[in-house]
Each structure stands twice: as C-alpha cells, then as structure tokens.
DNA sequence: CCTGGGGGAGAGCCACCGCTCTTCCCCTAC
DNA sequence: GTAGGGGAAGAGCGGTGGCTCTCCCCCAGG
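Residue numbers (our numbering), protein chains in the order written: chain A, 1 to 338; chain B, 1001 to 1338.
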C-alpha cells in the first residue's frame, strides 16, 4: 500500500515518467490531455510527489529551521505561531528546535539543521557565535535573528525598537513625578536587555536623574521574584520600576502585592515590556511597551525570503516601533498622550 | 564553498565513496585506518552527510510531523517544548504545523506532512477525520493524538484521565458544602471537554446533585468571559464553578472579581484544569487539576517510537493520572486529602 | 489546389542529485 | 589452502531538467 512512485502513475496513465513529473512541476509544459490522464491516474493511486527526492535534485528543500528558547515567555509561542503560519503561506515549512541557552547545544542544533539542507535559519531570542555564523555563511544558509540583534555579525535581525521603548518608559515615569526609579532586567547576554536598559537610563540621564535600583531577573519568574524581594524589601524602596519583560513583571507584581503588601500603582508603579495577553488581564492590567509580533514576523519572513532569492543582498537590522500601552499598573501622568 | 559531497571526501582521503558512506553510517564496518583518513578529510572539507539523500534511500526521514492548535493556551507551548526536546533526544526532528480548527486546513496540512515523508504524526489538541486517518494508515504513517482521544478511530492517544479529573473536582466541591455548582466548558468537539464534564456530572449524580448552571467558553478568553458574565450576572448565581481549562479559568476569575465584585473563594469557588504556570501565580492561585505534561509527552513519544518500530502494534489509549492541586481559589473542605 | 519545408509544442530518453547497500573481489592471516 | 575482514564497484532511491525526436500545424511556393 505504501509509496506510490511517479513511475507507477506513468504506467497507469500510459505516459513516460517525465511526463508525470512535468504535470506536478509548476511552470513545466504538458498538454491538457496528458495532464488529465496523469491527474486521474495519480488520484486513483493516491500519488503525491516525494518532496525529499525533489529537493535532492533541485537543491531547494523549502524548509526553514527555527531555533527557539524561552517558550515559557508567552511572547514566543505567539510569535512562533505567527511565524509558522506566515512561512506556511509562503510555501515554506518549519523544522523546529529548542535551544538550551548554551553555545554548546546551539552548535549541535545548527549542524543538524544544516544536515537537513534548510534554506534558511531563524533564531528567536537566541544569539549566534561568529563561528556558527561563518558556518552558515559557508553553507549558503541565510540567518535572520528574531527579537535579538548582534552588532558584529553580518546577519539580518528584526527587533522592536528596544532603546526608544525603554526611553519612553523612563519619560513616562518622570512625567508622573516618580523620584526613586528602579529597573529589573533580564540577562546581560541578550541585546534586548541591554538596549532596553540603555534607553531607559538615557532618558533618566537627560532629565538629570539616575537609577535608584538595579537588578537582573534572568528572564525567569524565580529570578524576577528574587530581584523584587531584594529591591523592595527595605523601606526606602523605589516608587516605580521598569521590568524588562511582562513575564517577569507579573512575578514582580505578585511579590509586591502578595508578599510585601504594597499597592500598585499607589505605592509602586510597574511597567513591563512585550504586551503579552496576560498583561491585559484584569488581575495584572499591566502598562507595558508593546512588541508588535505580527509586524516583526512579517519583516522577518520578508527578510528571509529576500535573502534566499538573492544571497548577495546585504544584511539589515529592522526595528519595529514599540508604543507604550497605558493601563492601571502605573501612575498616569496628567495629560499624558503617547 | 557550498555542498561538500562524500565523493570529494573520498578523493581527498584516497578511498572509495562507499567507504566514506560506511564511516558515517552507524553500524557499518570500516578499518580504523580508513575511519581516521575519512574523518580527517571530512573535517578539513567541512563535510556532513546530506540527510535528505540518506532518507531517500533508507526510507527513514527521522522527521515527525507535529500539528498544534491553541498555542494561546499555555499548556501547549510547554508541551511542545518538552515534545520537541524529547524527540530530539531520540534522534527525531520536528516539522511543525499550525492547524486552524477546521477540517479543511487539517486536511492540507496532513498532505504536506506526508509529502515530507514524515515517519509519524503527532497532533496536539486536534482531532482527525476518519478519512484522514485512513490516508495516514495507507501511507504507513502512525498517528498519536496528544491530549485528545477518538473512540472510533484506530490511532493511539495520550490524555490525562479527564473523567476522573472532573469527578475529583465535583467531589471536592461537594465536600466543601457547595450547593449551587456550575460548569464552564470548552467546545463540544473536544474529547477533553466532554470527558471532564462527564466525570464532573457523574460525581454530582452519585451524590444526588445536579448541575446548577452550564455554559461553554470555546476554550477562549472571550468565550469564557461571556459565559461567566451570563452565569454570574444574576443574584442566585452558583457558589462554585469548574472551568474546563486554566486558561479560561483566569478569564472567569477576572470577570468575577473585576466586573462583578465577587470574592474568591468567599462568594465563589473556582477550580480549573491543566495547572499551567500562571495557576500558581499569586494573582490567581488557582486550584486546578494537574495535567502532567512531562509524563504525557514521554508516553506520547514512547508510543510513537513503538509504532514506528512495529507498525503492526495495536493502538493504545494511555490515560495519565491527574491529581487535584489545592490552592486558594476554592473553599477547602475540612480534612480534605487528595 | 496540392505539396514541401519550417517551426514549435509536447513527449520520451537519459544523466544526475548524494547517499546506501549488496555483491564481488582482493588481500591478509592462520 | 581457506576463511574472513574490508574496500571498490554499481545499482538504485524518486524525482528533475536538458536534449532530442516526433508530430502536427501553418504558410509559402509551384
């Protein structure tokens, strides 16, 4: 019952095997009569071309490798969903890999992807060593970084405008009259973390202010909780805090309200980054900087396809504008308009 | 720079092409001397076997197709992560597809997967028509349903024990002395929904009670909110409600507390199903039935591999025990022990 | 009006994509 | 001398694509 080949279809239709191939190859020419006969025979036999065999000769697998980490941060599943759908609609398919966040495993993952002759690699929230970059380059496989950027390396990247996002949050806090302003970040290895903090600090500096408190939460719930306890456990705690991802911001809010009995936003204003769905849930109603996943995905795929079509095209870093979404977790400055 | 083939490696190493193949084929024999020469030449040239070409001849692609829906329910991204990792560790790779929840698109997705010569298909929260089942069967591709079951069809399935899970919740409510008990479900097409409700109802019936209110939330936040407003908008609302997924339960809690000013668990007890991470977050602290994703994943992969190794093995439905995790969103009966 | 030649569409043939696997043969070792 | 390990050769796996060949249509010229 298994494995119907084009040869069998050809026999049944009374044509040559290449005729069958031509019928199933878009852009090849065949007479209506042949097409009809072949289609019918194929239908009866349940024939479908073997994509693997096709890729072998055409050199195009129509597979895109996707490397993901941090699936526990809501932003990534949603981005993944959109990415997959968008690539599917462009006729590509997604081979997915989880990356632990060590170079070791990323290394192996890339190798396995290359083994599958992927036409391109998209990494979500994963950085690449220059060594790996070179290997992909050598194999002629373009790489696009999603929600992460890299200065030195020469691959394309799509991020939100993290710097200006961070800046806006600081301006928002300052306009609301906050004086002791804290920051809870992610992990220094991540460009998102560095840029959000840099933007945040720069706006404070412009206003002649400085950061009153600083901690890193490693992008995890536990890390964020620890950071929050440490930062808010004393009486002269900050009256506003910018948390680098919503995912961590929820944990921070839980600690502030549940453990430290602080009121939000009366005692502390909290702002996050991402605008994942729970941010709009009543229990948190978190003010946050929105990363527009759909736009980011669209740009990522566009960049990828451009690079596949024209391997010589130069890498680009696209920054998507990221607006502040004002909800009730932070004091709203009078007359604030985004 | 592109595409190093085994022939080139063979030339450089001064051996035949087949010798190179043997070196890279686990289980084939070659002398130490040859292995050494070949490995060195391969290293220098950056050679790696082309998996696609290999699959063409061996008939084993080492690809598993994964079809997912409802990625907005936290349970699935986490399951996906575990699934992918587990399959990776078993030497398989995952080609992922998103399924809109109509048969139409599932149909096409299956076709595309079969085109890629996948060795098996895992569907997460997606049912399959008997027509599709037959097609996979005919192509010799085993199917395992994850978190969904199907009576008539003959493929394996892994779920939690939804019936007993639902039953436990009802017993829990009854033991706490609740009298007006409601249920907010998902979507009738889902076996999880039907079984959870059936279990829940059966325990009520055993105690001579009946459901005081019933609504369906379609597994979405908006649907659940609507159901909650409807069920709790009047004064004789239930004093306990079982919501078929945590994801919907959060929405229900938001409506109860934020819109209707009801107190949990004082006015209403809420219990969910899944035990996704936010269930343990302080803002919700939701009592819920735990689906043990790691166990479910492990069984799913085991089943899959067994079926690949021995296609004749008969399909099985594995039900993972699902314990009630007691938190503060529902009244705790005196002396309750799970 | 009929015939011959040019041209183009469409079908068939064959080489090949990169690898595996079986068969065969050679060489070594006992 | 014989057994056995290991290398080489060659036939595919299921397709694609270039080349050739055939056939038919059309038009021009006798």
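C-beta: ideal position from N, C-alpha, C; glycine also.
For residue j and residue i, believed in contact at Cβ under 8 Å, the rounded distance
i	j	result
residue 74/A	residue 323/A	Not really, about 19 Å apart at Cβ, beyond 8 Å.
residue 1294/B	residue 1269/B	Between residue 1269/B and residue 1294/B the Cβ distance is about 28 Å, and since that is not below 8 Å, they are no contact.
residue 159/A	residue 298/A	Not really, about 14 Å apart at Cβ, beyond 8 Å.
residue 65/A	residue 121/A	4 Å
residue 1212/B	residue 1233/B	Going by Cβ atoms, the distance from residue 1212/B to residue 1233/B rounds to 14 Å, so no, they are not a contact pair.
residue 1327/B	residue 1273/B	So it is not a contact: roughly 13 Å between Cβ atoms.
residue 1144/B	residue 1304/B	5 Å
residue 70/A	residue 172/A	About 26 Å; that fails the 8 Å criterion.
residue 308/A	residue 248/A	Rounded, the Cβ-Cβ distance is 36 Å, inconsistent with contact.
residue 1275/B	residue 1290/B	4 Å
residue 1162/B	residue 1192/B	5 Å
residue 1204/B	residue 1210/B	6 Å
residue 34/A	residue 15/A	6 Å
residue 1129/B	residue 1103/B	6 Å
residue 1316/B	residue 1156/B	5 Å
residue 265/A	residue 314/A	Incorrect: roughly 45 Å between the Cβ atoms, too far for contact.
residue 1029/B	residue 1017/B	About 16 Å; that fails the 8 Å criterion.
In DSSP terms, what residue i is bridged to
i	result
residue 45/A	Looking at the DSSP assignment, residue 45/A forms no beta bridge with any residue, so it has no partner.
residue 1138/B	Per DSSP, none; premise fails for residue 1138/B.
residue 273/A	289/A
residue 67/A	97/A and 123/A
residue 1183/B	1214/B and 1242/B
residue 325/A	288/A
residue 1156/B	1144/B
Alpha helix (DSSP H) segment containing residue i, residue limits
i	result
residue 1166/B	1162–1175
residue 1110/B	1103–1115
residue 152/A	From DSSP, residue 152/A is part of no alpha helix (DSSP H); its letter is neither H nor E.
residue 87/A	75–89
residue 1019/B	1017–1024
residue 1200/B	1191–1206
residue 223/A	221–232
residue 58/A	51–58
residue 1012/B	1006–1013
Neighbouring residues, chain B, relative to residue i (Cβ below 9 Å)
i	result
residue 88/A	1097, 1098, 1109 and 1112
Interface partners of residue i on chain A, CB under 8 Å
i	result
residue 1230/B	Those within 8 Å of residue 1230/B in chain A number zero; the least Cβ separation is about 17 Å.
residue 1078/B	71 and 72
residue 1147/B	Per Cβ cutoff of 8 Å: no residues; residue 1147/B is ~16 Å from chain A at best.
residue 1250/B	278, 281 and 283
Within chain B, partners of residue i - CB distance below 8 Å
i	result
residue 257/A	1282 and 1283
residue 51/A	1115, 1116 and 1117
residue 93/A	1095, 1097, 1112 and 1116
residue 84/A	1096, 1097 and 1098
Segment limits, beta strand (DSSP E) that includes residue i
i	result
residue 1268/B	Unbroken run through residue 1268/B: none, as it is neither H nor E.
residue 146/A	143–146
residue 1319/B	1317–1320
Within chain A, the residues that residue i reaches when beta carbons sit closer than 7 Å
i	result
residue 1081/B	71 and 98
residue 1278/B	278
residue 1254/B	281, 282 and 283
Proximal residues of chain A, C-beta to C-beta of residue i below 9 Å
i	result
residue 1056/B	50, 52, 53 and 56
Chain B contact residues for residue i, given Cβ-Cβ distances below 7 Å
i	result
residue 313/A	The premise fails here: residue 313/A is roughly 17 Å from chain B at the closest Cβ pair, so nothing lies under 7 Å.
residue 61/A	1052
Inset, instruction - Check whether the stretch 1242–1255 of chain B touches the stretch 1218–1229 of chain B, counting contact only when three or more Cβ pairs, one atom from each stretch, lie closer than 8 Å. - result: yes
Legend entry - Cβ contact (3+ pairs, closer than 8 Å) linking the stretch 1076–1093 of chain B and the stretch 1029–1045 of chain B: no
Legend entry - Any 3 or more C-beta pairs closer than 8 Å across the stretch 123–134 of chain A and the stretch 1053–1060 of chain B: no
Inset, instruction - Check whether the stretch 1167–1175 of chain B touches the stretch 1194–1206 of chain B, taking contact to mean three or more Cβ pairs, one atom from each stretch, closer than 8 Å. - result: yes
Inset, instruction - Count the CB pairs spanning the stretch 81–90 of chain A and the stretch 104–120 of chain A that are closer than 8 Å, and state whether there are at least three. - result: no
Inset, instruction - Say whether the stretch 1094–1107 of chain B touches the stretch 1141–1161 of chain B, bearing in mind that this needs 3 or more beta-carbon pairs closer than 8 Å, one atom from each stretch. - result: no
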